[in-house]
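Asks: Protein chains in written order, with UniProt numbering: chain P, 1 to 214; chain U, 1 to 214. Glycine included, each C-beta is placed from N, C-alpha and C at the ideal position. This is the structure, below, for whatever I ask next.
Protein chains: 2
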Amino acid sequence: MSASAAILDTPSETPSLRQQAVLDAVLSLIVEGGDPLTMDAVARRASCSKETLYKWFGDRDGLLTATVRWQASRVHAGRTEIDALDAATLRKNLRDFAESWLSVIASPTSVALNRIAVAHAGSRKSNLGAIVLANGRFAIGERVKPVLEAGRAAGLLAFDDTEAAFRTFFGLVGRDIQIRLLLGDALPLDAADIGREAAHAVAQFLALYGRATP
Amino acid sequence: MSASAAILDTPSETPSLRQQAVLDAVLSLIVEGGDPLTMDAVARRASCSKETLYKWFGDRDGLLTATVRWQASRVHAGRTEIDALDAATLRKNLRDFAESWLSVIASPTSVALNRIAVAHAGSRKSNLGAIVLANGRFAIGERVKPVLEAGRAAGLLAFDDTEAAFRTFFGLVGRDIQIRLLLGDALPLDAADIGREAAHAVAQFLALYGRATP
DNA sequence: GCCGAACCGTACCGTACAGTACGGCTTAGC
DNA sequence: GCTAAGCCGTACTGTACGGTACGGTTCGGC
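Following this line, the structure appears as structure tokens:
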């Protein structure tokens, strides 16, 4: 990768406003799908020259990487405060996580980006898959696990392995949704559905890991 | 698609031995991954001419479709006999399903094929994703659901919606495994792990849906 | 042994797309 | 107002790959 592209090598660097506009153009093209994502199409959509694309992002891969990071940087929600954890708060927290996670994986942007990352993971080189995982599955894990542990500390949950408990939570929430969407299944899922699914998943999770309140 | 390629248009047509060899060559190339799958590479690996490929499979897409179908045709296991269903048999049946499903989604072939299908689902045209779904997620569903219903008939399980119950089963078994593998996470998962995970998932499923044995 | 069909290997064509070069426009600094 | 930097638009290059054409070989039917 050329030295001039180093500006986006590290995730900490924030793209300039103009660069953000370019990345948004990439996102819109990705979400629209259909025709494959070409540098020409990006330049046209973003009203910039290809030369600029290459100067800023190095190559096509760098552009993709920057796009994935850019999208990821917008997803991170604020930390949850966990004090005074009673049963109702725990349930609400978990339901919020479930809902927001379902909203993410059901969004066209997430589906399209995951498709790119999955396809990319097949051809060795770069690490789009790793970035998506780090900002998706693992990021939500790191945010949910403290809540689970707080629930355990408050005597509301019982488990040995936090990671295992989270993976159960993840499975109960996600079920077959993500793979079906990735494979192109037209799974209708509006906000009401998501709310219902989230509540159902949390109820099941609590049935498995909840401690009977004394 | 040209008329001469109609031989593989319908899933019922079985490819000839030579054609099977070609499809196996495609599979081996897909699993190896790395460089993108080109018709030249297939012809070379299968020791056949590109002309033959196009005569048999119509175009690149037809070849991919035939490959996915060919792999799918090998996965279908025999039907499970469900009579005399006691708690132990039910548990064993479910564990078998869970194990075989985990073995499938953890296999390099499945991962590689799913990657192709996911990538394909982004660009409209053909239906690789649909084929994979039909022979994966939905096929296992159609095989598990009768077992669940037999369990309910025997008074061992309690649920209203068979589909919902199966989706819970699916989620408990799969958890984050498939998406992590698709995204290139090196998730170590040997036979022993699979057995343990399957048993764990079934135990959780029974905890949720099992009826206390009288 | 002869014929035709199927098929292999190779050469070939057209196109799409990554990456580069460059002329012209805009804007900032002085 | 002049210069230089940054960027847009467009034109260009190289190449990889999907798809086609064709001569040579094998093989089954007669």
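Mind checking which residues open and close the alpha helix (DSSP H) that includes residue 80 of chain U?
Replies: That residue, residue 80 of chain U, is in no alpha helix (DSSP H); it is neither H nor E in DSSP.
Asks: Quick one: list the residues of chain U neighbouring residue 112 of chain P, beta-carbon separation under 8 Å, in chain order.
Replies: 122
Asks: DSSP has residue 210 of chain P in a bridge; who is on the other side?
Replies: Paired residue(s): P:157.
Asks: Which residues of chain U have a Cβ atom closer than 8 Å to the Cβ of residue 172 of chain P, listed in chain order?
Replies: 168, 171 and 172
Asks: Starting from residue 24 of chain P and walking both ways along the alpha helix (DSSP H), at which residues does that stretch end?
Replies: 17 to 32
Asks: Taking buried to mean at least 16 other C-beta atoms within 10 Å of its own C-beta, is residue 184 of chain P buried or exposed?
Replies: buried
Asks: In this structure, does DSSP put residue 187 of chain U in helix, strand or coil?
Replies: Per DSSP, reduced to three states, the secondary structure at residue 187 of chain U is coil, with no helix or strand assignment.
Asks: I'd like to know if residue 198 of chain U contacts chain P, where contact means its C-beta is closer than 9 Å to some C-beta of that chain.
Replies: No, residue 198 of chain U lies away from the interface with chain P (no Cβ there is under 9 Å from its Cβ).
Asks: Quick test of your reading: residue 129 of chain P and residue 166 of chain P, contact by CB under 8 Å. State the CB separation rounded to the nearest angstrom.
Replies: Rounded, the Cβ-Cβ distance is 20 Å, inconsistent with contact.
Asks: Tell me whether residue 198 of chain P counts as near the ligand PLP, meaning its Cβ is closer than 8 Å to at least one heavy atom of that ligand.
Replies: By its list of ligands, the structure shown contains no ligand whatsoever, and the ligand PLP lies outside what it can speak to.
Asks: Could you tell me which chain P residues have their CB closer than 8 Å to the CB of residue 176 of chain U, listed as they occur along the chain?
Replies: 137, 167, 170, 171 and 174
Asks: Report all residues from its chain with a CB closer than 7 Å to the CB of residue 93 of chain P; omit the five preceding and five following residues, and keep chain order.
Replies: 80 and 147
Asks: Look at residue 66 of chain P and residue 134 of chain P and say whether their C-beta atoms are less than 9 Å apart.
Replies: no
Asks: Helix, strand or coil for residue 36 of chain P per DSSP?
Replies: coil
Asks: One question on the structure: do residue 90 of chain P and residue 197 of chain P come within less than 9 Å of each other, judged by their Cβ atoms?
Replies: no
Asks: Along the chain, where does the alpha helix (DSSP H) containing residue 127 of chain U start, and where does it finish?
Replies: Note, residue 127 of chain U: premise wrong, no alpha helix (DSSP H); not H, not E.
Asks: Identify, in the order they occur along the chain, each residue of the same chain with its Cβ nearer than 6 Å to the Cβ of residue 26 of chain U, setting aside the five sequence neighbours on each side.
Replies: 42 and 67
Asks: Taking 9 Å as the threshold (C-beta atoms), are residue 33 of chain P and residue 123 of chain U in contact?
Replies: yes
Asks: Go to residue 96 of chain U, then tell me how far its alpha helix (DSSP H) extends in each direction, as first and last residue.
Replies: 87 to 106
Asks: Can you round the beta-carbon distance between residue 202 of chain P and residue 44 of chain P to whole angstroms, since I take them to be within the 8 Å contact cut?
Replies: Not really, about 45 Å apart at Cβ, beyond 8 Å.
Asks: Out of U:99, U:36, U:60 and U:200, state which residue places its alpha-carbon closest to the alpha-carbon of residue 164 of chain P.
Replies: U:200
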